[in-house]
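*Asks:* Here the protein sequences come in this chain order: C and H. Just so you know, we're using our numbering here: the first sequence kicks off at 15 and counts up by one. Just so you know, we're using our numbering here: the second sequence kicks off at 15 and counts up by one.
Number of protein chains: 2
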Amino acid sequence: MATQKEVAKLAGVSFITVSRVVNNEGNVKEETRLRVEEAIRRLGYFPSHAGKALNTGKNGTLGIMTPARFGDGMENAYLMGVLRGIELKCRERGQDILLSPMNEDDPNFDFLRPYRQRKVDGMIYVGLRQMPEEMRNEIARRLIPCVVVGDRPAYPYFSWIDTDNETAGYETTRRIWEAGHRAIAFHGLNPGIHNANIADRERGYRRAIRELSGNDADESLIWRADFTREAVRESVAAGYTRAKTKPTALFCSTDNRAIAALEALNGLSLRCPDDLSLVGFDGFIRDIVFSPVMATNEQPLTEMGKAAAGILLDRIDAPDLPRREVIFPVTFVDGESLGRI
Amino acid sequence: MATQKEVAKLAGVSFITVSRVVNNEGNVKEETRLRVEEAIRRLGYFPSHAGKALNTGKNGTLGIMTPARFGDGMENAYLMGVLRGIELKCRERGQDILLSPMNEDDPNFDFLRPYRQRKVDGMIYVGLRQMPEEMRNEIARRLIPCVVVGDRPAYPYFSWIDTDNETAGYETTRRIWEAGHRAIAFHGLNPGIHNANIADRERGYRRAIRELSGNDADESLIWRADFTREAVRESVAAGYTRAKTKPTALFCSTDNRAIAALEALNGLSLRCPDDLSLVGFDGFIRDIVFSPVMATNEQPLTEMGKAAAGILLDRIDAPDLPRREVIFPVTFVDGESLGRI
DNA sequence: TTGAAAGCGCTAACAT
DNA sequence: ATGTTAGCGCTTTCAA
């Protein structure tokens, strides 16, 4: 592949002039520029990334860190939505995206390797799980440009993008209440698994129940499982079967849970919304389940991804920029799965 | 960030010795190695990618070229599945993946830029649409390491990974026939949009119909639309309404089409499979639609991605390796949506 | 407006 | 077993 040197030779100039032309630096006579450009075309010259990076310390690449896996059924609608936004912003700003295949089995997986290698200029953490503490410490200590999506690291260093899940949990519960439901169940995450988003939705649910009913939420109406669909299905079946007062609505903290819950209802020969209303959370279930059309909450995932990449790139360009915290609103979307009573 | 030089200074050796230790080259006294390793630890040294790449010409990165978009609803189950396989293989071989945000609006988008910049060592084309001819020519002419997934470039240069869609189309139609159906409709792609996979499925369908019924397929039972769900919905509604002999089964050339067809049936107040049996194609609809459980065809997307990355990496390591063509089988998966007659 | 020299961090080839 | 020299392709001084 051609180098500056070869282009320079063909154009009869020094390689530095080629560099000037390539980078539009001015201070090049029109005629010279044309000659150089012609040589570039003839040789199919394209500047090498490594040479440039070595000098400038910039890579034009953002790294994605995430414990989530690609392509695993629908598990990753969240990741994909955010990634889409990152992609859009990166396109605008002429950046590439580096995915570093992680090893889920390896608890010591080094998420920061791409940055250590100076393969990327900064990193975005899409955190379906919380960022490991060691990693957080290192990022803050070394002032690594990093933006977190979907979590709020309680650390004075990080910029983050999140949605207001507590409010969304509250408002959703309130909507369900207003539809006439009084026994409203919630499906959340097993204790021990940290997910700030889901935990916040649960807090919002509890606040709404307390406020609307005057009592604390009935713990027997709060069901839990990990992220697997089977576990959710079983927990819904078990929870519903055991419940003394049958709930008339189930607020699922994620759309995947809503799908699994719908499956559980099928298994129990119950119908939605006749026997149990369902409400999801995340904003992709409507592309998937259309009978009944599901009520859910939509997060502006693409916008969140865009914001994350934008903030990161600004920070990379101007390291002294203060950190940013951005909270996006969640939108409730009504649907047939939420029946009126 | 620390460099070899600084490590060398701290360890009291020359920088080349540091290089030797880092790359496990041997020819370093045990004691020296320990001293160097200690210095590396103390300084948090990590080799810079750019310096190494400049020398070796290797980046440890594979580029993905695809006209598909990320995160756009379920459109990309195919891409995600393949990407997952690529990810797995890259993890095995210590490679990163570079996504270059493309501009869908720009017909001259330069897919090869990352390679021209020597940011990647080779590229994988995940072709939901056919690779533009110019690009194909350049790749072949410049011997760019490249593997195509989901298409078979008729060009003596390319390695490719594909599934046997003609056979799958044939076998699927045969299954539907064996379930007792005689008026079997097919949903394919608008003329003008090239997609080898879908075209092959249609050819398989036509061959089966010819063989089983003794006649050519009834053109009024072959419906078409582009990739949007609305268009598919409308074409199914229109096709069914217009049909003189109503079909009892519809073979959809993709799962997205099957979903849209199901929506169309809902709209027409028809039931699946009572009024119209549906069969999909791609292997993710079962994660999505569960009432009725859909009959479909599964492509081993992850295996395909793994194979693509493996072949590409082998080729990068040994440029003289002959090109490879791999055809994966497609598996028919029965479901409630295919009724018996 | 142009060029020469130095250096980014690393490895390869050749000493010692 | 260790070091020296050169050079990968580029940009950043500084000089002409």
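C-beta atoms are modelled at their ideal positions from N, C-alpha and C, and glycine is treated no differently.
So, helix, strand or coil for Arg34 of chain C, using DSSP?
*Replies:* What you label residue 34 of chain C is simply residue 20 of the first sequence in a count that begins at 1. Arg34 of chain C: helix per DSSP, three-state reduction.
*Asks:* For Tyr92 of chain C, report the span of its alpha helix (DSSP H) as first-last.
*Replies:* Indexing the first sequence from 1 puts residue 92 of chain C at position 78. Note, Tyr92 of chain C: alpha helix (DSSP H), 91-106.
*Asks:* Any C-beta of chain C sitting closer than 8 Å to the C-beta of His201 of chain H?
*Replies:* As a working note, residue 201 of chain H is residue 187 in the second sequence. For His201 of chain H, the answer is no, since every Cβ of chain C falls outside 8 Å of its Cβ.
*Asks:* Three or more beta-carbon pairs under 8 Å between the region 200-212 of chain C and the region 236-244 of chain C, yes or no?
*Replies:* The region 200-212 of chain C makes contact with the region 236-244 of chain C; the number of CB pairs closer than 8 Å reaches 3 or more.
*Asks:* Give me the Cβ distance between Arg356 of chain H and Ala278 of chain H, rounded to the nearest whole Å; I'm assuming they're in contact under 8 Å.
*Replies:* The displayed coordinates of chain H run from 15 to 355. Any statement about residue 356 of chain H would go beyond what the structure contains.
*Asks:* With a 10 Å radius around its C-beta and 16 neighbouring C-beta atoms as the bar for buried, classify Pro287 of chain H as buried or exposed.
*Replies:* The sequence position of residue 287 of chain H within the second sequence is 273, counting from 1. Its Cβ being crowded by 16 or more others within 10 Å, Pro287 of chain H is buried.
*Asks:* Spell out the partners DSSP gives His208 of chain C in its beta bridges.
*Replies:* Taking the first residue of the first sequence as position 1, residue 208 of chain C is located at position 194. DSSP lists no partner for His208 of chain C.
*Asks:* I need the straight-line Cα distance from Gln144 of chain C to Gly206 of chain C, nearest angstrom please.
*Replies:* On the first sequence, position 130 is the one that residue 144 of chain C refers to. On the first sequence, position 192 is the one that residue 206 of chain C refers to. Roughly 12 Å between the two C-alpha positions.
*Asks:* Straight-line CA distance for Asn179 of chain C to Pro167 of chain H?
*Replies:* In the first sequence, residue 179 of chain C corresponds to position 165, counting from 1. In the second sequence, residue 167 of chain H corresponds to position 153, counting from 1. For Asn179 of chain C and Pro167 of chain H, the gap between their C-alpha atoms comes out near 48 Å.
*Asks:* At what residue ranges does the region 258-283 of chain H contain a whole run of the alpha helix (DSSP H), taking only runs of 4 or more?
*Replies:* 269-281
*Asks:* What does a CB cutoff of less than 7 Å around Thr259 of chain H pick up in its chain, not counting 5 residues either side in sequence?
*Replies:* The count along the second sequence starts at 1 and reaches residue 259 of chain H at position 245. These residues qualify, in order along the chain: Ala197.
*Asks:* Counting Cβ pairs, one atom from each stretch, are 3 or more of them under 8 Å apart for the region 92-99 of chain C and the region 301-320 of chain C?
*Replies:* Using a C-beta cut-off of 8 Å, the region 92-99 of chain C makes contact with the region 301-320 of chain C, since at least three inter-stretch Cβ pairs fall below that distance.
*Asks:* My assumption, with CB atoms under 8 Å, is that Asp232 of chain H sits in contact with Arg224 of chain H. Please give the rounded CB distance.
*Replies:* The residue labelled residue 232 of chain H in the question sits at position 218 within the second sequence. The residue labelled residue 224 of chain H in the question sits at position 210 within the second sequence. Incorrect: roughly 11 Å between the Cβ atoms, too far for contact.
*Asks:* Going along chain H, which residues have a C-beta under 7 Å from Ala64 of chain C?
*Replies:* Counting from 1 along the first sequence, the entry for residue 64 of chain C is found at position 50. Under the 7 Å cutoff, chain H gives Ala64, Ala67, Leu68, Arg132.
*Asks:* In the DSSP assignment, the beta strand (DSSP E) including Val347 of chain C goes from what residue to what residue?
*Replies:* By 1-based counting over the first sequence, the position of residue 347 of chain C is 333. That run of the beta strand (DSSP E) goes 345-347.
*Asks:* Determine the direct distance from the alpha carbon of Arg243 of chain H to that of Ile355 of chain C, and round the result to whole angstroms.
*Replies:* By 1-based counting over the first sequence, the position of residue 355 of chain C is 341. By 1-based counting over the second sequence, the position of residue 243 of chain H is 229. When rounded, the distance between both Cα atoms is 33 Å.
*Asks:* For Pro314 of chain C, return the contacting residues in chain H, with the cut-off set at a CB-CB distance below 8 Å.
*Replies:* In the first sequence, residue 314 of chain C corresponds to position 300, counting from 1. Here the premise fails: no neighbours, minimum Cβ distance about 12 Å.
*Asks:* Determine the burial state of Arg105 of chain H: buried for a count of at least 16 other Cβ atoms within 10 Å of its Cβ, exposed for fewer.
*Replies:* Here residue 105 of chain H is taken as the residue at index 91 of the second sequence, counted from 1. Arg105 of chain H should be labelled buried.
*Asks:* Spatial neighbours of His208 of chain C within its chain, please: C-beta separation below 6 Å, excluding the five flanking residues on both sides.
*Replies:* As a working note, residue 208 of chain C is residue 194 in the first sequence. For His208 of chain C, where only same-chain residues beyond five positions count, the Cβ hits under 6 Å are Gln144.
*Asks:* Would you say Leu112 of chain C faces chain H, with C-beta separation under 8 Å as the test?
*Replies:* Locating residue 112 of chain C in the first sequence gives position 98, counting from the first residue. Output row for Leu112 of chain C: interface = yes.
*Asks:* Counting C-beta neighbours from all protein chains within 10 Å, is the total for Asn69 of chain C 16 or more, i.e. buried, or is it exposed?
*Replies:* Here the question's residue 69 of chain C lines up with position 55 in the first sequence. Taking every protein chain shown into account, the CB of Asn69 of chain C has fewer than 16 other CB atoms within 10 angstroms, so this residue is exposed.
*Asks:* In angstroms with no decimal places, state the Cα-to-Cα distance between Gly324 of chain C and Ser173 of chain C.
*Replies:* Translated into positions along the first sequence, residue 324 of chain C becomes position 310. Translated into positions along the first sequence, residue 173 of chain C becomes position 159. Approximately 11 Å between the Cα atoms of the pair.
*Asks:* Buried or exposed for Asn73 of chain C, going by 16 or more other Cβ atoms inside 10 Å?
*Replies:* Locating residue 73 of chain C in the first sequence gives position 59, counting from the first residue. Buried, by the Cβ-count rule.
*Asks:* Whose C-beta lies closer than 6 Å to the C-beta of Ala263 of chain H among residues of the same chain, with five residues either side of it excluded?
*Replies:* For the purposes of this step, residue 263 of chain H is taken as the residue at position 249 of the second sequence. The answer, listed in chain order, is Ile190, His195, Ile198, Ser291.
*Asks:* Under DSSP, the alpha helix (DSSP H) around Val246 of chain H begins and ends at which residues?
*Replies:* Taking the second sequence and counting its residues from 1, one reaches residue 246 of chain H at position 232. From DSSP, the alpha helix (DSSP H) with Val246 of chain H extends over 243-256.
*Asks:* For Val36 of chain C, I'd like the list of residues in its chain whose CB is within less than 7 Å of its CB, leaving aside the five on either flank, ordered along the chain.
*Replies:* For this step, residue 36 of chain C is matched to residue 22 along the first sequence. For Val36 of chain C, where only same-chain residues beyond five positions count, the Cβ hits under 7 Å are Pro61.
*Asks:* In angstroms, rounded to a whole number, what distance separates the CA positions of Gln18 of chain C and Val32 of chain C?
*Replies:* Position 4 of the first sequence, counting from 1, holds the residue named residue 18 of chain C. Position 18 of the first sequence, counting from 1, holds the residue named residue 32 of chain C. C-alpha separation (whole angstroms): 6 Å.
*Asks:* Tell me whether the region 152-161 of chain H and the region 122-139 of chain H touch, counting them as touching only if at least three CB pairs, one residue from each stretch, are closer than 8 Å.
*Replies:* yes
*Asks:* Apply the 10 Å Cβ neighbour rule to Arg14 of chain H and answer buried if 16 or more other Cβ atoms are within range, or exposed otherwise.
*Replies:* Since the displayed chain H opens at 15 and closes at 355, residue 14 of chain H lies outside it and no answer follows.
*Asks:* Using three-state DSSP, classify Asp289 of chain H as helix, strand or coil.
*Replies:* If you number the second sequence from 1, residue 289 of chain H lands on position 275. In the structure shown, Asp289 of chain H sits in coil (DSSP, three-state: anything other than H, G, I, E or B).
*Asks:* Quick one: measure Cβ to Cβ for Ser305 of chain H and Asn280 of chain C, integer angstroms, because I've assumed they're closer than 8 Å.
*Replies:* Taking the second sequence and counting its residues from 1, the one referred to as residue 305 of chain H is at position 291. Taking the first sequence and counting its residues from 1, the one referred to as residue 280 of chain C is at position 266. Yes, they are in contact, since the Cβ atoms of Ser305 of chain H and Asn280 of chain C sit about 6 Å apart, within 8 Å.
*Asks:* By the 10 Å Cβ neighbour count, where 16 or more other Cβ atoms means buried, how is Asp110 of chain C classified, buried or exposed?
*Replies:* Along the first sequence, one-based indexing puts residue 110 of chain C at 96. So Asp110 of chain C counts as buried.
*Asks:* Taking DSSP's pairing of strands, which residues face Met137 of chain C in a bridge?
*Replies:* As a working note, residue 137 of chain C is residue 123 in the first sequence. For Met137 of chain C, which the question treats as bridged, DSSP gives the partners C:Gly77, C:Cys160.
*Asks:* Roughly how many whole angstroms lie between the Cα atoms of Tyr184 of chain C and Arg256 of chain C?
*Replies:* Locating residue 184 of chain C in the first sequence gives position 170, where the first residue counts as 1. Locating residue 256 of chain C in the first sequence gives position 242, where the first residue counts as 1. Within the model, the alpha-carbon separation for Tyr184 of chain C versus Arg256 of chain C is close to 26 Å.
*Asks:* Let me check understanding here. Comparing Cα to Cα, which of C:Thr177, C:Thr268, C:Leu76, C:Leu282 lies closest to Arg132 of chain C?
*Replies:* Sequence index remark: in the first sequence, residue 132 of chain C carries index 118 (1-based). Nearest C-alpha to Arg132 of chain C: C:Leu76.
*Asks:* Chain C partners of Phe60 of chain H, CB-CB under 7 Å?
*Replies:* The residue given as residue 60 of chain H occupies position 46 in the second sequence. Near Phe60 of chain H (Cβ distances below 7 Å), the residues of chain C are Arg130, Gln131.
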